[in-house]
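The listed protein sequences derive, respectively, from chains A and B.
Count along the first sequence from 1, then add 214; that gives the number in the numbering used here.
Count along the second sequence from 1, then add 214; that gives the number in the numbering used here.
One structure is given here, and the rest of the page talks about it.
2 protein chains.
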Amino acid sequence: MELTNEKPYVIGLDMGGTNSVFGIVDQRGTIVAQTAIKTKGYPDVNDYVAAAVEALQPALDVVGGIEKVRGMGIGAPNGNYYNGTIEYAANLEWEGVVPIGELFEKALGVPARVTNDANAAAMGEMAYGAAKGMKNWIMITLGTGVGSGIVVDGKIVYGSDGFAGELGHFMVEPNGRSCGCGRRGCLETYCSATGVARTAREFLAKSAAPSPLRDLNPDAITSYDVFLAAEKGDALAMEIFEFTGEMLGRACANFATFNSPEAFVFFGGLCKAGHYIMDPIKRAYDANILNIYAGKAQLLVSSLKGSEAAVLGASALGWE
Amino acid sequence: MELTNEKPYVIGLDMGGTNSVFGIVDQRGTIVAQTAIKTKGYPDVNDYVAAAVEALQPALDVVGGIEKVRGMGIGAPNGNYYNGTIEYAANLEWEGVVPIGELFEKALGVPARVTNDANAAAMGEMAYGAAKGMKNWIMITLGTGVGSGIVVDGKIVYGSDGFAGELGHFMVEPNGRSCGCGRRGCLETYCSATGVARTAREFLAKSAAPSPLRDLNPDAITSYDVFLAAEKGDALAMEIFEFTGEMLGRACANFATFNSPEAFVFFGGLCKAGHYIMDPIKRAYDANILNIYAGKAQLLVSSLKGSEAAVLGASALGWE
């Protein structure tokens, strides 16, 4: 009997700032059992791991216990593939360097691998989603921030320190919007969900055009509100997506010079805006791409369900 | 007897728009014989290959003939590693797609591999120069244009089509200077030798400051003239390098988000400007680097002689 048949499952953990979702995944990429705990509320990371292991028990019972599990993959903010650590994650309670892989290995008795959330999403997309079979491509995650996973020759680019692939912090506008990283003009200050809300406030302030967005408290406007307004035919909302897509399409045309990708795959809440965001991305990409790369890359939306992609992606690490 | 002892040499060809330099290289990276022909003047590429083979004979005789040669590596403008071709090179006489690898294979009877000139320089640097032993780093060539070779896990990034790594055409300034590629704001319009000359003309026009550069015909100013003026203590010339280095350092800080390099290695005529260019590059890099990458990458100047690096780099392909 093959090893993979004796241990036909892996655990995938999608750790977000708020929630941690665990999936037990089989070799075909089916999540056969799932559970979740809060990420917040455990000032001591050991308590977090203990709570996770406890919450995992019923899910593990479904597949016959931890004996049936080959390994665990963890996608976490600032997750470091080389070190198995979470390092200086601004959105988590634990400061400094957390050896999260080692802690789970000890608690569960199976090997654990760590990567960051965007790389996990890229692995999920490559194993089970829109990038199946692709060797050179770029994943762009559009959430609260903008993340990326860069793939060269079928492998995630980790670089010299495990932190490669931070295209959300590519500075696309000299002296542009201030970013949480302390610098200015980073892509994520424009093209994340919060970037779209920022653009909405800017556009509302500098124009007098009527818009249903004016009925909302400016500080509470979300990218989803902008989408709803666009759906009602609001010209200002469409302009906001046009601006966002133009920035992102131009940035991607630039990123193509790095690995001449066969595709960009976009993932995350902002993709729900559909053609309002994807059409301007495509127009700006085509208008700005260097001629040798023209027409070579597909611009795709993730084909995985948002809740599943990150868990599946993390789980893919568990097979390594 | 080992194969490598029977065939202990490779041929490296550095093909430029004007000259083609051939070196016979041993396993330690010593160029044991060298020859050159003009690249221009052969409208039919077959005539170019025939002239090259003829010119190579005396050099081959030095090592005991083509029987002693394991393979050939060719670094050429728009050289494509996957296809062994030169494709639509603006600075060469041959139009369209030229199967240069195949032509040399047939003419010499040894395997031939092709890459572009910047990737060849990167291979030379990694095999024999400043990037020896490095796995993740970026080569930036500062010549008439700006070229790049991106290295991930010890291998040149070729991407989906063999044309990856064109950072000279990264658009660093929205609506910036017009570029030969038909777009605007490409890095090479600022940071190549011709970009420096362009900056000189701009700075001379918009300021009235005295400068020895004013004694020259503006259209004939070269980056070397700017260097000579800086050496004489000319403030305007230093400002020109400051501007150039600032652009390049900021761009490199952005490029670090791709592969988190352990080094950038700069190569080409502009490096002769020494600290006038390297100091502002370093200052701008440090001022703009994302905190997780801070202090991680060395900013180095190529340690190979200009004339040798490209030949050595191309020759490294001959061992593959």
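Backbone N, C-alpha and C define an ideal beta-carbon position, used for all residues, glycine too.
Cutoff 7 Å; reference residue i; Cβ partners in own chain excluding five residues on either side
i               : result
V366 of chain B : N350, N473
Y302 of chain A : N292, G310
F417 of chain A : L450, E453, I454
N297 of chain A : G376
K254 of chain A : T232, E307
A335 of chain A : M353, T355, G363, F481, A523, A524, G527
I435 of chain A : A411, A414, R415, L427
N305 of chain A : G231, P291
A265 of chain B : I251, Y256
K221 of chain A : K282, V283, R284
Residue i and residue j closer than 7 Å at C-beta
i               : j               : result
D439 of chain B : S425 of chain B : no
E309 of chain B : P257 of chain B : no
V410 of chain A : S437 of chain A : yes
Y295 of chain A : T244 of chain A : no
I352 of chain B : I370 of chain B : no
V267 of chain A : I225 of chain A : no
A332 of chain B : M286 of chain B : no
A321 of chain B : M229 of chain B : no
G463 of chain B : A508 of chain B : no
G488 of chain A : G357 of chain A : no
T471 of chain A : F469 of chain B : no
Chain-order list of residues whose beta-carbon lies under 6 Å from that of residue i (same chain, five-residue window excluded)
i               : result
V360 of chain A : G382, L401, E402, C405, S406
G459 of chain B : I491, P494, I495
M215 of chain A : For M215 of chain A, the pLDDT reaches just 42, beneath the cut-off of 50, and the residue's location in the model is therefore unreliable, leaving the point undetermined.
R391 of chain A : T403
V515 of chain A : F480, C485
A378 of chain B : V371, Y372
E534 of chain B : R327
A423 of chain A : L450
L274 of chain A : I280
P475 of chain B : N350, W351, I352, A511
F441 of chain A : A487
C393 of chain A : C400, T403
A247 of chain A : I238, A273, V276
V324 of chain B : V283, G285, M286
A465 of chain A : V386, L401
M461 of chain B : Y404, C405
Assumed close pair residue i, residue j - CB separation to whole angstroms, cut-off 8 Å
i               : j               : result
L427 of chain B : A414 of chain B : 6 Å
T299 of chain B : L270 of chain B : Contact flag wrong, Cβ pair sits at about 21 Å.
I288 of chain B : I314 of chain B : 6 Å
A444 of chain B : F455 of chain B : 6 Å
A345 of chain B : A477 of chain B : 6 Å
S362 of chain B : E387 of chain B : Not a contact, Cβ separation roughly 18 Å.
S374 of chain A : K510 of chain B : 7 Å
Y262 of chain B : D240 of chain B : Not quite, the Cβ-Cβ distance comes to about 26 Å (not below 8 Å), so this is no contact.
Cut-off 8 Å between Cβ atoms - residues of its own chain near residue i, not counting five sequence neighbours on either side
i               : result
N389 of chain B : R398, G399
V259 of chain B : W308, V312, I314, L317
L430 of chain B : D439
- Given 8 Å, three or more beta-carbon pairs between the region 527 to 534 of chain A and the region 336 to 347 of chain A: yes
- Message: Going residue by residue through the region 283 to 341 of chain A, where are the continuous alpha helix (DSSP H) segments of at least 4 residues, counting only ones entirely within it?
- Response: 314 to 322
- Message: Can you confirm whether the region 496 to 515 of chain B touches the region 514 to 525 of chain A when touching is taken to mean that 3 or more C-beta pairs between the two stretches lie within less than 8 Å?
- Response: Put simply, the region 514 to 525 of chain A does not touch the region 496 to 515 of chain B. Fewer than three CB pairs are less than 8 Å apart.
- Message: For a minimum of 4 consecutive residues, which ranges assigned as the alpha helix (DSSP H) are wholly contained in the region 218 to 270 of chain A?
- Response: none
- Can you list the beta strand (DSSP E) stretches of 3 or more residues lying completely in the region 440 to 483 of chain B, in chain order? 477 to 481
- Task: Starting from the N-terminal side, write out each stretch of the beta strand (DSSP E) that is 3 residues or longer and does not extend beyond the region 499 to 534 of chain B.
- Result: 512 to 515
- Message: To test your reading of the DSSP string, which unbroken beta strand (DSSP E) runs of 3 or more residues are found completely within the region 332 to 390 of chain B?
- Response: Fully enclosed beta strand (DSSP E) runs of 3 or longer: 351 to 356, 360 to 366.
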